[in-house]
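Chains as they are written, first to last, in my numbering: chain B, 1 to 315; chain E, 1001 to 1424. Just so you know, even glycine gets a beta-carbon here, dropped at the ideal spot from N, CA and C. The structure presented is a predicted model; accordingly, all values stated were derived computationally and were not measured. As structure tokens, the structure follows; a few thoughts come after it.
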Amino acid sequence: MTAVETVVESRGAQAPRDLRRPFWTTRRRDQLTGYLFIAPQLAGVVLFVLVPVGLGIWYSLNEWNIFRGELTFVGGDNYAALFSDPQLPAVLGATAIFSIGIVVLNIALGLGLAVLLNRRFRGVTFFRTVFFSPVVVSVVAWTLVWGFLLQDNGGINALLAVFGIDGPNWLLSGDTAMISVIVTQVIRSVGVNMVLFLAALQGVPSELYEAARIDGAGAGRIFFRITLPLISPTLMLTAVITIVGALQAFANVAVLTGGGPGLSTTVLVYYVFQQAFEFNDIGYGSTLALMLLTFVMLLTLLQWQLRRKWVFYED
Amino acid sequence: MTSAKKLGAAAAVAVMGLALAGCAASAPEPVETTAAPGSVDLRMSVWTSNEDQLALFDEIAEAYKADHPEIGEITYESLPFADYNTTLTTQIAGGNAPDLAWMGDLSHDLIDADALVPLTDALKGTKGWGYDDLLGSVTAEFSADDELYAYPFSNSPFALYVNKDLLAQAGVALDDEVTWEKISELGAAVHQTTGKAGFVIRDFDYANWGQLATVWTGWGASAWSADGATCTMDSPEMVDAFTFLHDAAFVDQSMPGPGTTADFFAGDAAFTVAQVSRAALLDGSFAYDVIPLPSGPEGDYSVIGQAGVGVLSSSPHVQEATDFLAFLTDPENAEKLAQYFPPPRESLLTGEKLAENNPKLTADQLQSVVVDQLPDAVTLPNHTGPAEIKAAGKTALDAMWLADADVKAVLGATCDALTPLLAK
Chain B
1 MTAVETVVES RGAQAPRDLR RPFWTTRRRD QLTGYLFIAP QLAGVVLFVL
51 VPVGLGIWYS LNEWNIFRGE LTFVGGDNYA ALFSDPQLPA VLGATAIFSI
101 GIVVLNIALG LGLAVLLNRR FRGVTFFRTV FFSPVVVSVV AWTLVWGFLL
151 QDNGGINALL AVFGIDGPNW LLSGDTAMIS VIVTQVIRSV GVNMVLFLAA
201 LQGVPSELYE AARIDGAGAG RIFFRITLPL ISPTLMLTAV ITIVGALQAF
251 ANVAVLTGGG PGLSTTVLVY YVFQQAFEFN DIGYGSTLAL MLLTFVMLLT
301 LLQWQLRRKW VFYED
Chain E
1001 MTSAKKLGAA AAVAVMGLAL AGCAASAPEP VETTAAPGSV DLRMSVWTSN
1051 EDQLALFDEI AEAYKADHPE IGEITYESLP FADYNTTLTT QIAGGNAPDL
1101 AWMGDLSHDL IDADALVPLT DALKGTKGWG YDDLLGSVTA EFSADDELYA
1151 YPFSNSPFAL YVNKDLLAQA GVALDDEVTW EKISELGAAV HQTTGKAGFV
1201 IRDFDYANWG QLATVWTGWG ASAWSADGAT CTMDSPEMVD AFTFLHDAAF
1251 VDQSMPGPGT TADFFAGDAA FTVAQVSRAA LLDGSFAYDV IPLPSGPEGD
1301 YSVIGQAGVG VLSSSPHVQE ATDFLAFLTD PENAEKLAQY FPPPRESLLT
1351 GEKLAENNPK LTADQLQSVV VDQLPDAVTL PNHTGPAEIK AAGKTALDAM
1401 WLADADVKAV LGATCDALTP LLAK
């Protein structure tokens, strides 16, 4: 064997090893890095969202006697109970009124405040702080204080009495209890939407306003033809988070009215709490929780689908 | 309960508000423990956070540990009263039940589910415990089929507290005729003259409607039949009792209306109905008296609020927990506990004995509002599923607290709401 042949044979033997790509390619390293970054969030979602949803589905198919520790498979009985529950229609009605009230008032007030506070005037920072500050207050503390203010002999009626007005029994009258719950919730949370709208408003190019004014457009026309379309992505965002937040609102109902008078302020999430934790009916409570989850998903999906019709840039 | 179930319950509580449970009942055997020294830790759930009371419990626990080397730690877990039932239930559901627990209206559910250890044999078998010393009227709520499941350590009768200063300010006085009609009449006079409240049913707040048993019992009414199967909220006696209350709130204004707060112990009301144990709230800022509940149309009556302590059958140390309970409630320790909680033992029930540790009330007052009331007292309404019954009743009775309410119709609707729950 010549020296040349030896070299060729040697290269031939090493060729497969040299041609094989190393396992840790740049792409694989990038993928691993990505997975490591999302791993904590993924673990959280699996552990605290997917597993509980799966368990919730399982519990909804069972009747759980907590004290006896007995789990009895009942199939679709809990789902059938949704149609025979005499209180559920009233609860769903209260939930709809509460959610619509929160969404409409919160977005309208948040946008209105943002428009007002988007101008330059003395004290604008102070007013922005005032309207945002309730957001950082504990919801329970906030609600407890409002509970005292809204009593029949509380601060609100005392203030009205100064003007000769005999105020209603805010929290115990069927006509005013829901309004009270909605308004106290909106006042506390409107600051978030206001800040989001403010940021969006400040992102609208000023030359568009200048051009519109030169063309003779009035304030209303400018708002509806320029401002609103350009902040519509933010409007979409606030609509989604406000609806989801409204459907999850619990503390202010629990503390202010306890769902009363009657069932007038018993929203679905409070009803879930009552069934699962107060009445110890875990199976039916799980069924109601899944119904709430379905509502939230459907509403979010609906808004996502509709965004093309009214959100600027979403064509 | 398996680990998988525990994990499932914890995760479900975190996100969806779901929980699961597991425990099985078993009766204790009155035998000596074979546990290794220091190997048994006991935990007891309580709703008091009073430092003096907890110190007394600790003192009793230390005395017990001195004679029981198998005991490592005895801890008292103070849970907030407002959420006590929910918290205890969640602990049971999560496989983290205490060994012993105080209980109020949850007792029927626990007994019904065999979640409590039967105590009768164990207590009777404990030397010197004196089972026959227990009053029959106070053990009934915690018994089933002649078996005691919880020791009724607190039996506090409801009494009428009187603010004498407010009555004097209104130019009226309470004579020997103490009837509800009279109380309403004087309360209305105080309200009109001073602007303060007339009479307040403490803790009712137009929500905890079971507290109104302190009134309606005087009319001979009850929420349901003795066997708990039939709603009697719509009985003629109950209609009369609620008509009285409705008139007091909306016509005579002798009782603060819904949504109006008035704290008797802050001097805001002429009268209040509250348990005798609330006397601790009297701070001497006004002249007061404490007397038995007013007579109703059906005559004199008495109502008590109770608390019991039992052993959870899910405890891994049922034998030791039961033995500790027997020690905690023996005659000697029961006498110590009596300074805070009206005892169930006849031997301890004299005005003089109770007055030894009660700086607020005299021996005569304690004799008349505690000792004389206990033998014939009825308890506040209690039934299996108390939370659901309370919520359903409250929802229906909300319609009562309007000026133009139809009392009879509202009570009929209340029975419509309660009847399916009583049948559960």
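Rounded to the nearest angstrom, how far is the Cβ of residue i from that of residue j, given a contact under 8 Å?
i                  : j                  : result
Val1378 of chain E : Thr1230 of chain E : In fact, because the Cβ distance is near 17 Å, the residues do not count as touching under 8 Å.
Gln1192 of chain E : Ile1201 of chain E : The Cβ separation is near 20 Å, so there is no contact.
Leu1348 of chain E : Ala1338 of chain E : 5 Å
Ala1144 of chain E : Leu1380 of chain E : The Cβ separation is near 18 Å, so there is no contact.
Asn1155 of chain E : Gln1306 of chain E : 5 Å
Leu1135 of chain E : Pro1344 of chain E : 6 Å
In whole angstroms, give me the CA-to-CA distance for residue i and residue j.
i                  : j                  : result
Asp1099 of chain E : Leu1079 of chain E : 15 Å
Gly101 of chain B  : Ile222 of chain B  : 27 Å
Tyr35 of chain B   : Ala239 of chain B  : 31 Å
Arg1043 of chain E : Gln1053 of chain E : 16 Å
Thr143 of chain B  : Asn252 of chain B  : 6 Å
Lys1424 of chain E : Val104 of chain B  : 42 Å
Ala1363 of chain E : Asn1357 of chain E : 10 Å
Val195 of chain B  : Leu111 of chain B  : 9 Å
Ile226 of chain B  : Arg128 of chain B  : 24 Å
Asp1067 of chain E : Pro1037 of chain E : 11 Å
Ala1082 of chain E : Gln305 of chain B  : 45 Å
Val186 of chain B  : Phe131 of chain B  : 11 Å
Val1117 of chain E : Glu1147 of chain E : 10 Å
Pro1030 of chain E : Ala1326 of chain E : The predicted model places Pro1030 of chain E with a pLDDT of 46, which falls under 50 and marks its position as unreliable, so this point remains unresolved.
Asp1164 of chain E : Phe1264 of chain E : In the sequence on display, residue 1164 of chain E carries Lys and not Asp. Computed Cα separation, rounded: 12 Å.
Glu1073 of chain E : Ala1113 of chain E : 28 Å
Glu278 of chain B  : Leu288 of chain B  : 14 Å
Thr265 of chain B  : Leu256 of chain B  : 10 Å
Ala1209 of chain E : Tyr271 of chain B  : With the sequence shown as reference, residue 1209 of chain E is identified as Trp, and Ala is not the correct amino acid for it. Computed Cα separation, rounded: 20 Å.
Asn106 of chain B  : Lys1390 of chain E : 34 Å
Asp1109 of chain E : Phe1142 of chain E : 11 Å
Glu210 of chain B  : Gly123 of chain B  : 26 Å
Gly170 of chain B  : Phe224 of chain B  : Position check: residue 170 of chain B holds Trp in this sequence, whereas Gly was assumed. In a straight line, the C-alpha of Trp170 of chain B is about 37 Å away from that of Phe224 of chain B.
Please decide whether residue i counts as near chain B, where near means a Cβ-Cβ distance under 8 Å.
i                  : result
Tyr1084 of chain E : no
Gly1022 of chain E : Any reading at Gly1022 of chain E must be qualified, since the residue scores a pLDDT of 34, below 50, and its modelled position is unreliable; the value itself is stated next. So yes, Gly1022 of chain E belongs to the interface.
Ile1092 of chain E : yes
Ala1115 of chain E : yes
Ala1207 of chain E : yes
Leu1110 of chain E : yes
Ala1413 of chain E : no
Asp1203 of chain E : no
Glu1388 of chain E : yes
Asp1398 of chain E : yes
To which residues of the same chain is residue i closer than 6 Å at the C-beta, ignoring the five residues directly before and after it?
i                  : result
Ala977 of chain E  : Here chain E comprises residues numbered 1001 to 1424, so residue 977 of chain E is not present and cannot be evaluated.
Trp1401 of chain E : Tyr1206, Pro1258
Val1178 of chain E : Pro1294
Lys1124 of chain E : Tyr1131
Leu208 of chain B  : Ile226
Ser286 of chain B  : Gly56, Tyr59, Ser60
For residue i, which residues from the same chain have a beta carbon less than 7 Å from its beta carbon, with the 5 sequence-adjacent residues on both sides left out?
i                  : result
Val311 of chain B  : Ser232, Pro233, Met236
Glu63 of chain B   : Thr72, Val74, Gly283
Thr1419 of chain E : Cys1231
Pro134 of chain B  : Trp142, Ile187, Arg188, Gly191
Ala1189 of chain E : Ala1170, Val1172
Pro1105 of chain E : The question names Pro, yet the displayed sequence has Asp at residue 1105 of chain E. Once the five neighbours on either side are set aside, the close Cβ partners of Asp1105 of chain E are Asn1382, Pro1386.
Ignore the nearest five residues each way along the sequence and tell me which others in residue i's own chain have a CB closer than 8 Å to its CB.
i                  : result
Val1239 of chain E : Val1407, Lys1408, Leu1411
Leu160 of chain B  : Asp166, Gly167
Val1303 of chain E : Pro1157, Phe1158, Ala1213, Thr1214, Thr1217, Leu1293, Ala1377, Val1378, Thr1379, Leu1380
Is there at least one Cβ from chain E nearer than 8 Å to residue i's Cβ?
i                 : result
Asn252 of chain B : no
Asn65 of chain B  : yes
Arg213 of chain B : no
Arg11 of chain B  : Residue placement at Arg11 of chain B is poorly supported in this model, since its pLDDT is 49, which falls under 50; the coordinates still yield a value, given next. Not one chain E Cβ lies under 8 Å of Arg11 of chain B.
Gln248 of chain B : no
Asn78 of chain B  : no
Determine which residues share a DSSP beta bridge with residue i and list them.
i                  : result
Val1046 of chain E : E:Ser1078
Pro1157 of chain E : E:Ile1304
Ile57 of chain B   : Answer by DSSP bridge pairing: none, since Ile57 of chain B is not bridged.
Trp64 of chain B   : B:Leu71
Asn1163 of chain E : E:Tyr1288
Find the residues of chain C that neighbour residue i, judging by a C-beta separation of less than 7 Å, and give them in chain order.
i                : result
Ile57 of chain B : No chain C appears in the structure shown, which is made up of the protein chains B and E.
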